[in-house]
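Trainee: Here our numbering is used: the first residue of the sequence shown is 261, the next is one more, and so on.
We put the beta carbon where it would ideally sit given N, CA and C, even for glycine.
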Amino acid sequence: MATVNIFKNYQNFEEFPAGHVIFEEGQPGDLMYVVKEGEVDIFIHGQHVETVGPGGVVGEMALIDHNARSATAVAKTACQLVPLDEERFKIFVHQIPFFSLQVMRVMADRLRHMNLYLN
(Lines of atoms letter the chains of each structure in order from A and count residues from 1; the text may use other names and numbers.)
(Lines give C-alpha, C1' and ligand atoms only; values in the text may rest on other atoms or scores of the structure.)
Protein backbone atom coordinates (compact mmCIF):
# COMPACT_ATOMS: atom_id res chain seq x y z
CA MET A 1 0.00 0.00 0.00
CA ALA A 2 1.30 3.47 -0.88
CA THR A 3 0.77 4.78 2.67
CA VAL A 4 4.04 3.13 3.67
CA ASN A 5 5.90 5.59 1.42
CA ILE A 6 4.66 8.51 3.54
CA PHE A 7 6.17 6.92 6.65
CA LYS A 8 9.21 5.25 5.04
CA ASN A 9 11.75 7.53 6.72
CA TYR A 10 9.59 8.40 9.72
CA GLN A 11 11.63 7.78 12.87
CA ASN A 12 8.84 7.90 15.46
CA PHE A 13 7.79 4.24 15.57
CA GLU A 14 7.23 1.50 18.13
CA GLU A 15 8.59 -2.02 17.79
CA PHE A 16 6.54 -5.07 18.77
CA PRO A 17 7.75 -8.69 18.84
CA ALA A 18 5.72 -11.44 17.18
CA GLY A 19 2.79 -12.46 19.36
CA HIS A 20 2.57 -9.15 21.23
CA VAL A 21 -0.98 -7.85 21.78
CA ILE A 22 -0.95 -4.26 20.49
CA PHE A 23 -4.47 -3.50 21.67
CA GLU A 24 -7.55 -5.46 22.71
CA GLU A 25 -11.16 -5.38 21.61
CA GLY A 26 -13.26 -3.35 24.04
CA GLN A 27 -10.40 -1.17 25.30
CA PRO A 28 -10.55 2.59 24.87
CA GLY A 29 -8.34 3.72 22.01
CA ASP A 30 -6.60 7.03 21.48
CA LEU A 31 -4.01 5.86 18.94
CA MET A 32 -4.06 4.38 15.49
CA TYR A 33 -1.02 2.75 13.93
CA VAL A 34 0.49 2.66 10.46
CA VAL A 35 2.36 -0.59 9.80
CA LYS A 36 5.86 0.41 8.73
CA GLU A 37 7.33 -3.12 8.74
CA GLY A 38 5.95 -6.56 9.54
CA GLU A 39 2.40 -7.86 9.80
CA VAL A 40 -0.44 -7.46 12.30
CA ASP A 41 -3.31 -9.93 12.72
CA ILE A 42 -6.78 -8.55 13.49
CA PHE A 43 -9.28 -10.57 15.53
CA ILE A 44 -12.95 -9.86 16.25
CA HIS A 45 -14.52 -11.94 19.03
CA GLY A 46 -11.45 -14.20 18.85
CA GLN A 47 -11.86 -14.91 15.13
CA HIS A 48 -9.10 -13.92 12.71
CA VAL A 49 -10.50 -11.49 10.15
CA GLU A 50 -7.51 -9.82 8.52
CA THR A 51 -3.73 -9.56 8.30
CA VAL A 52 -2.41 -6.03 7.81
CA GLY A 53 1.00 -5.48 6.22
CA PRO A 54 3.28 -2.53 5.50
CA GLY A 55 1.35 0.64 4.68
CA GLY A 56 -1.82 -0.64 6.30
CA VAL A 57 -3.47 0.98 9.28
CA VAL A 58 -4.95 -0.48 12.45
CA GLY A 59 -6.92 1.12 15.25
CA GLU A 60 -8.30 3.95 13.13
CA MET A 61 -11.95 3.44 14.10
CA ALA A 62 -11.44 4.05 17.83
CA LEU A 63 -9.37 7.15 17.09
CA ILE A 64 -11.96 8.60 14.72
CA ASP A 65 -15.20 7.80 16.56
CA HIS A 66 -13.92 7.84 20.19
CA ASN A 67 -15.50 4.47 20.96
CA ALA A 68 -13.91 1.32 22.34
CA ARG A 69 -11.68 -0.80 20.13
CA SER A 70 -13.75 -2.98 17.80
CA ALA A 71 -11.01 -5.59 17.39
CA THR A 72 -7.84 -7.03 18.87
CA ALA A 73 -4.52 -6.46 17.09
CA VAL A 74 -1.64 -8.91 17.55
CA ALA A 75 1.80 -8.69 15.96
CA LYS A 76 1.98 -11.64 13.56
CA THR A 77 5.68 -10.96 12.96
CA ALA A 78 8.12 -8.58 14.58
CA CYS A 79 6.87 -5.22 13.41
CA GLN A 80 7.42 -1.48 13.46
CA LEU A 81 4.28 0.61 13.87
CA VAL A 82 3.95 4.38 13.63
CA PRO A 83 1.57 5.58 16.37
CA LEU A 84 -0.73 8.48 15.52
CA ASP A 85 -2.78 10.27 18.15
CA GLU A 86 -5.75 12.41 17.14
CA GLU A 87 -3.70 15.61 16.85
CA ARG A 88 -1.03 14.02 14.64
CA PHE A 89 -3.75 12.28 12.59
CA LYS A 90 -5.42 15.64 11.90
CA ILE A 91 -2.09 17.16 10.89
CA PHE A 92 -1.51 14.35 8.38
CA VAL A 93 -5.08 14.67 7.06
CA HIS A 94 -4.63 18.42 6.49
CA GLN A 95 -1.07 18.33 5.16
CA ILE A 96 -1.24 15.11 3.13
CA PRO A 97 -4.72 14.63 1.62
CA PHE A 98 -3.54 11.34 0.07
CA PHE A 99 -3.17 9.94 3.60
CA SER A 100 -6.82 10.61 4.46
CA LEU A 101 -7.89 9.04 1.16
CA GLN A 102 -5.89 5.91 2.01
CA VAL A 103 -7.51 5.68 5.47
CA MET A 104 -10.95 6.05 3.87
CA ARG A 105 -10.11 3.27 1.41
CA VAL A 106 -9.06 0.99 4.26
CA MET A 107 -12.30 1.67 6.12
CA ALA A 108 -14.37 1.12 2.96
CA ASP A 109 -12.57 -2.16 2.24
CA ARG A 110 -13.18 -3.36 5.79
CA LEU A 111 -16.84 -2.40 5.63
CA ARG A 112 -17.23 -4.21 2.31
CA HIS A 113 -15.47 -7.27 3.73
CA MET A 114 -17.75 -7.30 6.79
CA ASN A 115 -20.84 -6.98 4.59
CA LEU A 116 -19.74 -10.02 2.58
CA TYR A 117 -19.02 -11.90 5.79
CA LEU A 118 -22.46 -11.10 7.22
CA ASN A 119 -24.30 -12.07 4.03
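What's the gap between the Cα of V317 and the Cα of V294?
Mentor: 4 Å
Trainee: With DSSP run on the structure shown, which of helix, strand or coil describes I356?
Mentor: Annotated three-state conformation of I356 is coil, per DSSP.
Trainee: Out of V312, I356, P357 and V342, state which residue places its alpha-carbon closest to the alpha-carbon of A331.
Mentor: V312
Trainee: Per DSSP, A328 is paired with what?
Mentor: P288
Trainee: Less than 8 Å between the CB atoms is what I'm expecting for E299 and T337, so what's the real figure, rounded?
Mentor: 5 Å
Trainee: State the beta-bridge partners of P343 as determined by DSSP.
Mentor: Paired residues: Y293.
Trainee: Quick one, are the C-beta atoms of A335 and G279 less than 8 Å apart?
Mentor: yes
Trainee: By the three-class DSSP mapping on this structure, what secondary structure does F283 have?
Mentor: strand
Trainee: Label E281 either buried or exposed according to how many other C-beta atoms from any shown protein chain fall within 10 Å of its C-beta, with 16 as the threshold for buried.
Mentor: One detail in the question is off: residue 281 reads as Val in this sequence, not Glu. Flag for V281 reads exposed.
Trainee: Which class does H373 belong to by DSSP, given the choice of helix, strand or coil?
Mentor: helix
Trainee: Can you check which of these residues, N272, D369 and V363, is closest to G315 by C-alpha distance?
Mentor: V363
Trainee: Write down the C-beta distance between F267 and K296 rounded to the nearest angstrom, noting that I regard them as a contact closer than 8 Å.
Mentor: Contact check for F267 and K296: beta-carbon distance about 6 Å, within the 8 Å limit, so the pair qualifies.
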